[in-house]
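Numbering (this note's numbering), first residue to last: 277 to 566.
For glycine and all other residues, C-beta sits at the position ideal for the given N, C-alpha and C.
A short worksheet on the structure shown next.
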């Protein structure tokens, strides 16, 4: 174990959740479960008990199962980033290099889900989330070289329509960096990486958004990934992992040896938080007091 990994474990064991003064500490244990990747751009837990995560520069989606070494799916992708599982248990992928969202079907065949908006190519889809009713929401920023080839003049927050078309919920000048849903599916959270803020939208049954507002501002570092737990707390990957109440109040934070890049809950009862950094994945198991 490296000094950095040892430091991370010590922090997890001795400084539970680095809780703010007004909040009680939440006991948890943290361990490294996989490493040696180039850049982990997305994660999701599957119904079958696997953690899927993307190594974006290598064009791979890896699969980790408790008690086993991580392998990867035999499918070629162009810079896969955010991942989600649809209502039928199929894996959805933001294939950012190909400017599209795809579905991986049986036999690892790729099925394009959405590739364009109003007749123009998407910029570079980065993250997505699926509501319990199957409604898909995704973000389409242009980071890095994608900024030089933008076909759309804005960075979009989208819902996938009933006919497979992209429906714009917001058209931002700044770039969205992460997306998540509240447990009841009535609130959509989107991180603005440029403004270092978290925006909240109210959602109706059809997935239409209204009431956009800034829920959190002044985030330390660039917010690049979001997730929520079963109590509605919002986890933000930025300079470190920050935890907020549904009302946007900072509750606690967690340190990692590298900056976090993706977050996902999984395992039994969804009580385990997986934190991806650029090169490694860590598992955080919470105590009963959570």
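Beta-carbon separation of residue i and residue j under 7 Å?
{"i": "residue 310", "j": "residue 346", "result": "yes"}
{"i": "residue 304", "j": "residue 562", "result": "yes"}
{"i": "residue 413", "j": "residue 368", "result": "no"}
{"i": "residue 472", "j": "residue 495", "result": "yes"}
{"i": "residue 391", "j": "residue 376", "result": "yes"}
{"i": "residue 546", "j": "residue 506", "result": "yes"}
{"i": "residue 498", "j": "residue 468", "result": "no"}
{"i": "residue 446", "j": "residue 393", "result": "no"}
{"i": "residue 479", "j": "residue 462", "result": "yes"}
{"i": "residue 517", "j": "residue 530", "result": "yes"}
{"i": "residue 396", "j": "residue 427", "result": "yes"}
{"i": "residue 320", "j": "residue 349", "result": "no"}
{"i": "residue 323", "j": "residue 370", "result": "no"}
{"i": "residue 432", "j": "residue 422", "result": "no"}
In the DSSP assignment, find the unbroken beta strand (DSSP E) run with residue i in it and report its ends.
{"i": "residue 379", "result": "376 to 380"}
{"i": "residue 371", "result": "367 to 371"}
{"i": "residue 453", "result": "452 to 457"}
{"i": "residue 329", "result": "327 to 331"}
{"i": "residue 530", "result": "526 to 530"}
{"i": "residue 536", "result": "536 to 542"}
{"i": "residue 357", "result": "356 to 361"}
{"i": "residue 341", "result": "Where residue 341 is concerned, there is no enclosing beta strand (DSSP E), given that its DSSP letter is neither H nor E."}
{"i": "residue 315", "result": "Counting along the chain, residue 315 falls outside any beta strand (DSSP E), and DSSP gives it neither H nor E."}
{"i": "residue 270", "result": "Given that the chain is displayed from residue 277 to residue 566, the structure contains no residue 270 and the question cannot be resolved."}
{"i": "residue 553", "result": "548 to 553"}
{"i": "residue 323", "result": "First-last for residue 323: undefined, no H or E at that position."}
{"i": "residue 349", "result": "First-last for residue 349: undefined, no H or E at that position."}
Out of the options, point me to the one whose CA is closest to residue i's CA.
{"i": "residue 307", "options": "514, 462 and 550", "result": "550"}
{"i": "residue 515", "options": "482, 554 and 523", "result": "554"}
{"i": "residue 466", "options": "472, 452, 478 and 479", "result": "452"}
{"i": "residue 372", "options": "365, 396 and 416", "result": "416"}
{"i": "residue 520", "options": "445, 492, 323 and 552", "result": "492"}
{"i": "residue 342", "options": "350, 428 and 326", "result": "326"}
{"i": "residue 440", "options": "422, 475 and 411", "result": "411"}
{"i": "residue 354", "options": "484, 503, 396 and 400", "result": "400"}
{"i": "residue 425", "options": "398, 364, 330 and 557", "result": "398"}
{"i": "residue 502", "options": "330, 543, 552 and 532", "result": "552"}
{"i": "residue 475", "options": "429, 364 and 448", "result": "448"}
Check whether the region 386 to 394 touches the region 327 to 339, counting contact only when three or more Cβ pairs, one atom from each stretch, lie closer than 8 Å. Contact between the region 386 to 394 and the region 327 to 339 is absent, because fewer than three Cβ pairs lie under 8 Å.
Counting pairs of Cβ atoms below 8 Å between the region 451 to 469 and the region 407 to 422, do you hit three or more? Output reads yes: the region 407 to 422 touches the region 451 to 469.
Answer yes if the region 313 to 321 comes into contact with the region 526 to 546, meaning at least three C-beta pairs across the two stretches below 8 Å, and no otherwise. With a cut-off of 8 Å, the region 313 to 321 and the region 526 to 546 count as touching, because enough Cβ pairs lie within range.
Could you pull out every unbroken alpha helix (DSSP H) segment of at least 4 residues lying fully inside the region 419 to 482, listed in chain order? Annotation: the region 419 to 482 contains no complete segment of the alpha helix (DSSP H) (minimum length 4 residues).
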